[in-house]
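In the numbering used here, the protein residues as written are 1004 to 1507.
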């Protein structure tokens, strides 16, 4: 309720801390902390974050140049060398995960990870609750209930950390020594009837054990990114594709990740030297994120993302650290600074104030930048669902099916080649209307959508929202109601109906 009331992201981590069992990361948020019977001093208390006053009328763009860092941001209580127990929610109960599968996380499952470490010879606990994007509501609820049970078995001392898929904290990655693979869907349960996809593409991002994870992306050429390393697994081979912008450390960590996939030694492939079979496995060669900036091993200037929002009644800009695609709020405007250009990403529900103020703020941001930025740096306006590779390349594991219906940018650009259509889109942005009519989207028959695995779906279908690819007539015939009526239903009700119609 607090998260909803404050308007925070659904992916916000929730941590439960018991009296007397506070962790170091919790204590760091206080300037003074006294612990009974503690023999070791607390050391210095650092003030690392100051909240500046926000003007009532105008947002001060100079505030964006400060880079505040919270003491507890990375949650690194130790180096991850403690003891770890991993369970999977199966039939709403806890099932231990086999040792050889520890580090594999499937989007259709929920997991509990209990980490035990020592502080002054006393045991401390962190209980991570990892919830897959495609897990059922019953499983998500069961993961929370089972966490309460595990917490009780340890005298209520564990710090509980809810981890949403794709938002794994650094300490969580350190526990598994960077050998984490997150699969988009499916399940690791014994006896699972879901077939293994013949081709899987995994993006490996990170250069150290505490910041490396591998995330499954759509197995298309357009998913590649020159800044990272990718693992391509087919039925007969395993390729390790190294982008021009990947560093030696990143390639070494990718080899570590490849080591937990039982396919033997991977074939090393350098960007630009791919064999024909590599492109064949990805459905043919296609444009991908290969901007010159992405080909730099160490960017001259790391990208920064800001949220521009007027939801509180005042226009406020807030920096988002360690950002992912999930941080792009549909109700706001997001400013992405990549140094040689600035992107303004317009969410479909962004209001007029946010659209107008964000452009003015971007201009002031350039003018007031302490590094003496070129005031003529291009400011590029991007509409939600029409993101080019020069934008998506700055995000790890960009999901093209999330907003663009799975269509690559080049296809969208060709479909909207007509000047009148492009002008209309621009006019819509100016008027504060950014919705695309469903009639413009490609539809498919019910038979092409039901009981299908992601790799079996027609290209362009959002695997998480298959119902969106039904025609108006088919949609009403299947669900007995219009799209508007369906969208008005609670999320759990929508999921239940989709499961009943084999569209989940």
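Just so it is clear, CB atoms sit at the ideal spot from N, CA and C, and this is done for glycine as well.
Supposed contact pair residue j and residue i - C-beta distance, whole angstroms, cut 8 Å
i	j	result
residue 1277	residue 1247	Residue 1277 to residue 1247, Cβ: 12 Å. No contact.
residue 1253	residue 1209	7 Å
residue 1393	residue 1343	With 8 Å as the limit, residue 1393 and residue 1343 do not qualify as a contact, their Cβ atoms being about 10 Å apart.
residue 1452	residue 1464	7 Å
residue 1345	residue 1338	7 Å
residue 1401	residue 1471	Contact doesn't hold; Cβ gap of about 19 Å is too wide.
residue 1136	residue 1176	No, residue 1136 and residue 1176 are not in contact; Cβ-Cβ is about 18 Å, not under 8 Å.
residue 1154	residue 1095	Not confirmed; about 17 Å, so no contact.
residue 1323	residue 1333	About 15 Å separates the two Cβ atoms, so there is no contact after all.
residue 1217	residue 1404	Not really, about 19 Å apart at Cβ, beyond 8 Å.
residue 1184	residue 1202	Contact doesn't hold; Cβ gap of about 15 Å is too wide.
residue 1186	residue 1235	In fact, because the Cβ distance is near 14 Å, the residues do not count as touching under 8 Å.
residue 1316	residue 1259	The pair is not a contact, with the Cβ atoms about 49 Å apart (cut-off 8 Å).
residue 1509	residue 1330	Only positions 1004 to 1507 of the chain appear in the structure, and residue 1509 is not among them; the question remains open.
Limits of the beta strand (DSSP E) - the one that residue i falls within
i	result
residue 1337	1336-1340
residue 1208	1203-1208
residue 1086	1086-1093
residue 1099	1096-1099
residue 1321	1319-1323
residue 1309	1307-1312
residue 1346	1345-1349
residue 1382	1382-1386
Residue i, buried or exposed, once every other Cβ within 10 Å from all chains shown has been counted against 16
i	result
residue 1244	buried
residue 1340	buried
residue 1335	buried
residue 1355	exposed
residue 1017	exposed
residue 1494	exposed
residue 1163	buried
residue 1291	buried
residue 1378	exposed
residue 1269	buried
residue 1239	exposed
residue 1365	buried
residue 1321	exposed
residue 1459	exposed
Contacts around residue i, its chain only, beta-carbon distance under 7 Å, and the 5 residues preceding and following it disregarded
i	result
residue 1126	1119
residue 1138	1111, 1112 and 1113
residue 1149	1092, 1097 and 1115
residue 1506	1452, 1453, 1469 and 1470
residue 1485	1479
residue 1090	1097, 1098, 1099, 1100, 1114 and 1115
residue 1284	1202, 1235 and 1237
residue 1461	1447 and 1451
Close Cβ partners of residue i (< 6 Å) along its chain, the five nearest in sequence each way excluded
i	result
residue 1053	Note that residue 1053 scores 38 on pLDDT, short of 50, meaning its location in the model is unreliable and no value can be drawn from it.
residue 1178	1083, 1087 and 1118
residue 1369	1376, 1378 and 1380
residue 1360	1318
residue 1504	1481
Within-8 Å CB hit, residue i to chain B
i	result
residue 1201	This model lacks chain B altogether, as it is built from one protein chain only.
Nonlocal neighbours in the same chain, by C-beta distance under 8 Å from residue i, ignoring five residues either side
i	result
residue 1500	1482, 1489 and 1492
residue 1287	1224
Heavy atom of the ligand COA within 7 Å of residue i beta-carbon
i	result
residue 1246	Only the bare structure without any ligand can be found here, which leaves the ligand COA out of the picture.
Extent of the continuous alpha helix (DSSP H) run through residue i
i	result
residue 1370	1355-1370
residue 1179	Run containing residue 1179: none; DSSP gives neither H nor E here.
residue 1146	1140-1156
residue 1263	Note, residue 1263: premise wrong, no alpha helix (DSSP H); not H, not E.
residue 1501	1494-1503
residue 1489	1486-1490
residue 1395	1392-1395
Per DSSP, cross-strand counterpart(s) of residue i
i	result
residue 1460	DSSP, once it has assigned bridges, lists no residue as partnering residue 1460.
residue 1163	1019 and 1130
residue 1281	DSSP output for residue 1281 lists no bridge partner at all.
residue 1116	1089 and 1131
residue 1481	BP columns for residue 1481 are empty, so no partner.
residue 1216	1208
residue 1247	According to DSSP, residue 1247 bridges with nothing at all.
residue 1125	1122
residue 1105	Looking at the DSSP assignment, residue 1105 forms no beta bridge with any residue, so it has no partner.
residue 1242	1235 and 1270
residue 1186	1109
residue 1292	1228
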